[in-house]
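Residues -30 to -1, 1 to 162 (mature numbering (1 follows the signal peptide of the UniProt record, and there is no 0)) make up the sequence shown, in order.
In this text, a Cβ means the ideal position worked out from N, Cα and C, and glycines have one as well.
It should be emphasised that the depicted structure is a prediction, and the values quoted were computed from it without experimental measurement.
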Amino acid sequence: MKTIFTRITRRNPLGIAALLLTVTAMSASAEWHEFYHQSHVDYQRNNAWPDPFNEVDALQVTAPFEVMKHNGWRTHNTVGNELFRASDGQLSPSGTNHVKWVATQAPVERRVIYVLRGRTEEETNARVASVHHTLASCYIVGAPPQVIVTEKQQPTVSGNWANQITRKWMEVLPKPMLPERTAGGDQAAAQQ
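And the structure:
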């Protein structure tokens, strides 16, 4: 075998050089093809920037607001302790009106009624039954709203306390006053 290789190399040194050059050129050609392809991809990506990323960025910016909207509707659609009678868990008249409003006037995708859990399981069941009874008396287009029991009590304050805060604020608010002179370039402007 050694004699064959030495015979080929002695007789054809140019053939071996051409063979080695062809093998190296083939592997270099594959690398150049990959390089050109990646350069083309990078060029197209750089020229399209920032368009491919605008939609993702917009969704990331609006996502917190969607959470806030959901939480606001959840707060509004929660039927809390003050809308039920304490004795038997039945809806009060204002609770009935609230449930009817959610069932008929709220946007269709926001028609979910959250019932605050009572002190006992019996009270919670009575509250849910009262809400279902009120929903049965409503004319609802489409599917009836879903009723979900929730643990999250919405923060509320008494009307008297809110009224006191407003009155105190009105007392310290300065009285509205018109300027002594107009800004038409008269003495008030010259004195400044």
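Quick check on this structure: which residue in the options has the alpha carbon closest to the alpha carbon of residue i?
i           : options                           : result
Thr48       : Arg87, Gln14, Val78 and Asn24     : Arg87
residue 190 : Gln134, Arg151, Glu121 and Ala106 : Examination of residue 190 is not possible in this model, given that the chain is present from -30 through 162 alone.
Gly65       : Thr126, Gln14 and Thr104          : Thr104
Ser100      : Glu93, Ala76 and Leu61            : Leu61
Gln123      : Arg89, Glu4, Pro34 and Ser9       : Arg89
Can you tell me the Cα-Cα spacing of residue i and residue j, whole angstroms?
i      : j      : result
Val78  : Trp131 : 35 Å
His102 : Val11  : 59 Å
Pro63  : His46  : 17 Å
Gln162 : Trp139 : Confidence in Gln162 is poor, its pLDDT being 47 and thus under 50, which makes the residue's placement unreliable; the coordinate value appears in the next sentence. Whole-angstrom Cα-Cα distance: 33 Å.
Lys70  : Cys108 : 7 Å
Asn16  : Thr32  : 26 Å
Gln14  : His7   : 11 Å
Val72  : Val82  : 8 Å
Glu92  : Pro125 : 24 Å
Pro115 : Arg97  : 15 Å
Pro20  : Gln75  : 41 Å
Gly112 : His40  : 21 Å
Thr94  : Val142 : 45 Å
Asn133 : Lys145 : 20 Å
Ser128 : Gln30  : 38 Å
Could you check if residue i is buried or exposed, using at least 16 other CB atoms within 10 Å of its CB as the buried criterion?
i           : result
Gly59       : buried
Pro149      : exposed
Ser57       : exposed
residue 165 : Since the first residue of the chain shown is -30 and the last is 162, residue 165 is not available in this structure.
Arg137      : exposed
Leu53       : buried
For the beta strand (DSSP E) that residue i lies in, which residues bound it at each end?
i      : result
Gln30  : Here Gln30 belongs to no beta strand (DSSP E); instead the alpha helix (DSSP H) covers Asp21 to Asn47.
Gln116 : Gln116 to Thr120
Ile83  : Val82 to Leu86
Once you ignore the five residues that flank residue i on each side, which residues in its own chain have a CB closer than 7 Å to its CB?
i     : result
Arg44 : Tyr84
Asp27 : none
Beta-carbon within less than 6 Å of residue i's beta-carbon, same chain only, minus the 5 sequence neighbours each way: which residues are those?
i      : result
Ile118 : Tyr84
The alpha helix (DSSP H) spanning residue i covers which residue range?
i      : result
Leu105 : Glu91 to Ala106
Lys138 : Gly129 to Val142
Thr126 : First-last for Thr126: undefined, no H or E at that position.
Ala73  : Pro63 to Thr74
In chain order, what residues of the same chain have a beta carbon less than 8 Å from the beta carbon of residue i, not counting five sequence neighbours either side?
i      : result
Trp2   : none
Phe23  : none
Ile110 : Ala73 and Thr74
Arg55  : Leu61 and Ser62
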